[in-house]
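**Q** Residue numbering for the sequence shown follows our numbering, starting at 1354 and increasing by one per position.
Have a look at this one before I ask anything.
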Amino acid sequence: GATGHTQRLLTVVKAGSIQDVKATPTDKVHTWPHLLVGEFVASLACTAFLLVFSALVNAPLLGAANVNRTPNPSKAPWYFLGLQELLTMFHPMVAGVTVPGVALVGLGMAGFIDKNPSNKPEDRKFAIATMTLFLMFWAVLVIIGSFFRGEGFNFILPWRQGVHDIFDL
1354 GATGHTQRLL TVVKAGSIQD VKATPTDKVH TWPHLLVGEF VASLACTAFL LVFSALVNAP
1414 LLGAANVNRT PNPSKAPWYF LGLQELLTMF HPMVAGVTVP GVALVGLGMA GFIDKNPSNK
1474 PEDRKFAIAT MTLFLMFWAV LVIIGSFFRG EGFNFILPWR QGVHDIFDL
């Protein structure tokens, strides 16, 4: 100032820096950029596969609906075929509400029932076994609904009728 007395901050603070600066480790590698590159390449590969597959496989829409002539069998899309298959075996309340509800709650609770804090798959056997059993059960229902149901939604053996009716070839 005007009187010539000045104080400096450095005289108040002890010798050294205000923040403790730690040297960055030289043996560490940042994983985020490498992880994101791998995920990006995987998403590009999946997109390319879907693009090529959709260009090669014909998936036409059916004609306009006719109330006087329904397709036989009338099947749900593949992602609902498991539920449609359950409807052939159980009461609609059980097949449409109870079984899917119990399955969803059970899958949601599997991670909490298995109290193991490890992130290693070999240590989480209960959760992995539960999910695997659920997926196998659902896949079997979808496969039965897709390939083993014929006219009138009756059970058939696809190798006896041929694949022409199944795949609309």
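All C-beta atoms in this analysis are idealised placements derived from N, C-alpha and C, irrespective of residue type, glycine included.
(1) Which same chain residues end up closer than 7 Å to residue 1507 when comparing Cβ atoms and leaving out the 5 residues on each side of it in sequence?
(2) Please name the residue or residues paired with residue 1528 in a DSSP beta bridge.
(3) What residue does the alpha helix (DSSP H) around residue 1406 start on, and which one ends it?
(4) So is residue 1410 buried or exposed if we call it buried at 16+ other beta carbons inside 10 Å?
(5) For a test of the three-state rule: what should DSSP assign to residue 1443, helix, strand or coil?
(6) How is the alpha helix (DSSP H) around residue 1506 delimited, first residue to last?
(7) Using only CA atoms, which one of 1399, 1380, 1418 and 1428 lies nearest to residue 1523?
(8) Would you identify the three-state DSSP class for residue 1435, choosing helix, strand or coil?
(9) Please report the Cβ distance between residue 1426 and residue 1477, rounded to the nearest whole angstrom; I am assuming they are in contact, meaning their Cβ atoms lie under 8 Å.
(10) Does the contact criterion of 3 or more C-beta pairs under 8 Å hold for the region 1458 to 1471 versus the region 1433 to 1441?
(11) Once the 5 residues before and after residue 1495 are set aside, which same chain residues still bring their CB inside 7 Å of it?
(12) Take residue 1486 as the anchor and find which of 1415, 1381, 1460 and 1424 has the nearest alpha-carbon.
(13) Would residue 1484 and residue 1463 be called neighbours here (beta carbons separated by less than 8 Å)?
(14) Classify residue 1460 as helix, strand or coil using the three-state DSSP reduction.
**A** With the given structure in hand:
(1) none
(2) Residue 1528 lies beyond the range of the chain shown here (1354 to 1522); nothing can be said about it.
(3) 1385 to 1409
(4) exposed
(5) coil
(6) Note, residue 1506: premise wrong, no alpha helix (DSSP H); not H, not E.
(7) With the chain covering 1354 to 1522 only, the question about residue 1523 has no answer from this structure.
(8) helix
(9) Wrong, their Cβ atoms sit about 40 Å apart, outside the cutoff.
(10) no
(11) 1431, 1434 and 1435
(12) 1460
(13) yes
(14) helix
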